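A short write-up of the structure that comes next.
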Amino acid sequence: MFLDHCPLSFIQTLLSAACLYAAYYVYWYSTTGATQRRLAALHACKTPHKWRTTPLLFGLDLFYDSYKALKAHRALENFATRFWASGVNTVEISLLGKTFVSTIEPENIKSVLATDFKSWGLGEEREKVMVPFLGEGIFTSDGAAWQHSREMLRPNFVRSQVGDCEMFERHVQLLIRAIPGDGEMADLQPLFQSLSLDVATEFLFGQSTNTLSPSGGTAETKEFARAFDHVMNAWGGQDQGWEMFVGVLVGLFLPNWRLKGEYRIVHDYVDRLVERAVVNRGRYEYEGENSDKGFAFPGRELLNILLAGRDTTAALLSNVWFELSKRQAVWDKLQREVSSLNGEFPTFEQLKEMKFLRAILNESLRLYPIVPENSRMAVVDTVLPLGGGEDGKSPIFVKNGKMVHWSLYVMHRRKDIYGEDAEEFRPERWLDGEEGKGLRVGWEYLPFNGGPRICIGQQFALTEASYITVRLMQEFCAIESKDPEPWHPRAPDYHSFYTIYDGFLISYLSPQ
Ligand code: HEM
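All you need for this note's numbering is the position in the sequence shown, starting with 1, plus 85.
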């Protein structure tokens, strides 16, 4: 039978769509919407302060302003200025059709990372960018998979592993040899990056890349180190600016072959290490000598931890030495503390006792937090304790799927927490006694995050940075900065998700 279709007019189609939408909305309003309203009412939630943008531009003006600041290496500063101008600690931002909450309120961060941990996940972005390179591991997974990784890895971060000062000494010897001690200038930042790669690969793979050795490592390790750096830079976005361009415009259709090639080099290298470990019945061999270290890290976790632990520690060392090279008084005071070792190599226990050294590291991580910003996505409808209403003192409702972002860079500079001199580098604030009030902080200070996902390598990083700093102070009696610039972040040019000093950490170091 032939059915004669009478095509709906355009208006009729529109009306039908509107009716369908209205019906869906009524259904949603009386089910999900009602549950959300009940939750918001139960906690007396109020709406947060919003950052004003030009109407109808969908936040394009804010986006452009942030982009300009990023290009000028002022993104963190620019964000802080906006926060101070808004006069509140939690805001809602709408940017290119997406709305998220940004906060510098310790109570809110504590809720996301600890007390309401189960309501939050990493969000899709981290997974999209990182899983093809890192695979599923501690850094890229949530829920039961993450918990499994965390439990499996924890035994590798016990005191005997993270306090292996003999290993640090082997690498610091190569570092000292790479620094000209005859008054010639040295750029310490790339040396710290090489050092932290060499240390991290020895800790994780049982075999160091040894990029600081006179040969620069074997051909295989050199290729691995180069490819790993290339991937980090490409993620950072600007060193390989064309790649990001390709990534955005063409990469939607064409894979980025060059980057994929680098992934393959890194993956092949790790696979070969794992195979060798199996052949050696679970033991790696160092160059020329048998190692007594078992192969403790599961293959798929190796890159997750290398990513989390390598550049972070190098950035901490660079930031600490930036300040040391500019502040004679801090240098002198630290030299006095180091001299209590009478020239002996420090032990793990002695490093922990060095209060001024620890204050310098704390202060560096306060002003230049290595992971300056972070975020989580709500995986269920939930509530943040503060930020709603005129005074920002009421809870706010956050629906499933919404992102919450926080800036440590800004929170660590809050004058109501750290005092009027919050923007100054003053390690004494961490000391008890005449010079400082022995700053006690909780969720106001989070360089290593907090809660169940707190950085698992915190002790390792602090021991490494302490050991290297003390040993360099023992080898060199003076330092002179040759870079007149103030500190600013290198982002977006290099590893942009970390706070790395932009510029050459060029110094004269004089041998003892
Ligand atoms: C100064 C150096 C370091 C800083 C500032 C730092 C900071 C952080 C931060 C903020 C996080 C939380 C990331 C997030 O959940 O979004 C984190 C996680 C992590 N860090 Fe570190 N980190 C440092 C060094 C290290 C080192 C040396 C290692 C290992 C050798 C390491 C291993 C990890 C791992 C595996 C995670 C993921 C933990 C989890 O999700 O359960 N980190 N780190």
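For each residue, glycine too, the CB sits at the ideal point set by N, CA and C.
Remember, it's a predicted structure, so these values are computed and weren't measured experimentally.
Run through the DSSP bridge pairs and tell me what Pro569 is partnered with. Paired residues: none, contrary to the question.
Does the ligand HEM have a heavy atom nearer than 6 Å to the CB of Asn534? In this structure, the ligand HEM has a non-hydrogen atom nearer than 6 Å to the beta-carbon of Asn534.
Any heavy atom of the ligand HEM closer than 6 Å to the CB of Gly228? It does not: the Cβ of Gly228 is nowhere closer than 6 Å to a heavy atom of the ligand HEM.
Just confirm the distance between the C-beta atoms of Gly310 and Thr294, as a whole number of angstroms; I'd bet it's less than 8 Å. Reading off the sequence shown, one finds Ala at residue 310, where the question assumed Gly. Contact flag correct, Cβ pair sits at about 5 Å.
Could you tell me the alpha carbon to alpha carbon distance between Glu209 and Ala199, rounded to whole angstroms? Going by C-alpha positions, Glu209 is about 20 Å away from Ala199.
Is Phe545 near the ligand HEM, going by C-beta to nearest heavy atom under 6 Å? Flag set: Cβ of Phe545 near the ligand HEM.
If you reduce the DSSP assignment to three classes, tell me which class Leu297 lands in. In the three-state reduction of the DSSP assignment, Leu297 falls in the coil class.
8 Å contact criterion, which Glu549 and Phe253 should meet: CB distance rounded: Phe253 and Glu549 do touch by the CB rule: their CB atoms are close to 6 Å apart, below 8 Å.
Expected contact under 8 Å - CB spacing of Gln121 and Asp353 to nearest Å: Incorrect: roughly 49 Å between the Cβ atoms, too far for contact.
Taking Glu287 as the reference, which of Pro470, Val526, Phe545 has the closest Cα? The shortest Cα separation from Glu287 among Pro470, Val526, Phe545 belongs to Phe545.
From which residue to which residue does the alpha helix (DSSP H) around Ile261 run? Where Ile261 is concerned, the enclosing alpha helix (DSSP H) starts and stops at 250-263.
Report the residue ranges of all beta strand (DSSP E) runs contained in full by the stretch 462-492; include only those spanning at least 3 residues, in chain order. Secondary structure remark: continuous beta strand (DSSP E) runs of at least 3 residues inside the stretch 462-492, in chain order: 467-473, 479-483, 488-492.
If we ignore side chains and look at the alpha-carbon of each, how far apart do Asp356 and Leu471 end up? If I take the Cα positions, the gap works out to 47 Å.
Taking the C-alpha atoms as reference points, what is the distance between Phe95 and Leu105? For Phe95 and Leu105, the distance between alpha carbons rounds to 15 Å.
How many angstroms separate the CA atom of Leu557 from the CA atom of Leu547? Their backbone Cα atoms lie some 15 Å apart in a straight line.
Assign Tyr348 to one of two classes, buried (16 or more other C-beta atoms within 10 Å of its C-beta) or exposed (fewer than that). Its Cβ being crowded by 16 or more others within 10 Å, Tyr348 is buried.
What does Val186 pair with, by DSSP beta-bridge criteria? Glu177, Val489, per the DSSP bridge assignment.
CB of Thr225 within 7 Å of CB of Glu212, strictly: The answer is yes: Cβ separation under 7 Å.
Determine the DSSP secondary structure at Pro532, reduced to helix, strand or coil. Residue state, collapsed to three classes: coil.
Excluding the five sequence neighbours on either side, which residues of its own chain have a C-beta within less than 8 Å of the C-beta of Glu374, listed in chain order? Caution is warranted here: a pLDDT of 34 is assigned to Glu374, below 50, making its placement in the model unreliable, and no coordinate value can be reported.
Buried or exposed: where does Met215 fall if 16 or more other Cβ atoms within 10 Å of its Cβ makes it buried? Burial call: buried.
State whether the stretch 380-395 contacts the stretch 233-249, with contact taken as three or more CB pairs (one from each stretch) at a distance under 8 Å. Result yes; three or more Cβ-Cβ pairs closer than 8 Å.
For the ligand HEM, I want to know if Arg600 counts as a neighbour, meaning its beta carbon is within less than 6 Å of at least one of the ligand's heavy atoms. Because the chain spans 86 through 597 in this model, residue 600 falls outside it and cannot be assessed.
Curious, which full-length alpha helix (DSSP H) runs of at least 4 residues does the stretch 399-470 contain? 413-424, 433-438, 440-452, all fully within the stretch 399-470.
Tell me which residue opens and which closes the alpha helix (DSSP H) that Asp227 is part of. According to the DSSP assignment, Asp227 belongs to no alpha helix (DSSP H), since it is labelled neither H nor E.
Let me know if Trp406 comes out buried or exposed under the rule of 16 or more other beta-carbons within 10 Å of its beta-carbon. Burial call: buried.
Taking all protein chains shown into account, do 16 or more other C-beta atoms lie within 10 angstroms of the C-beta of Val257, making it buried, or fewer, making it exposed? Residue burial annotation: Val257 is buried, with at least 16 other C-beta atoms found within 10 angstroms of its C-beta.
Quick one: grab the DSSP three-state call for Lys203. The answer is helix: DSSP assigns Lys203 an H, G or I state.
So, do the stretch 555-569 and the stretch 420-434 have three or more beta carbon pairs nearer to each other than 8 Å? Per the Cβ contact rule, the stretch 555-569 is in contact with the stretch 420-434 (3 or more Cβ pairs under 8 Å).
Would you mind working out which of Asp150, Lys567, Lys153 sits nearest Leu409, comparing C-alpha positions? It is Lys567 whose Cα lies nearest to the Cα of Leu409.
What does Lys135 pair with, by DSSP beta-bridge criteria? As DSSP reads the structure, Lys135 sits in a beta bridge with Glu177.
First through last residue of the beta strand (DSSP E) which encompasses Ala271: Note, Ala271: beta strand (DSSP E), 270-272.
Suppose contacts are defined by Cβ-Cβ distances below 7 Å. Is Leu297 in contact with Asp283 by that definition? Contact flag set, yes.
Please report the straight-line C-alpha distance between Leu280 and Tyr109, rounded to a whole angstrom. The straight-line gap separating the alpha-carbon atoms of Leu280 and Tyr109 is approximately 59 Å.
What residue does the alpha helix (DSSP H) around Arg123 start on, and which one ends it? Unbroken alpha helix (DSSP H) run through Arg123: 117-127.
Distance between Phe164 and Leu391 (C-alpha atoms, nearest Å): Separation of Leu391 and Phe164 (C-alpha to C-alpha, rounded to the nearest whole angstrom) is 29 Å.
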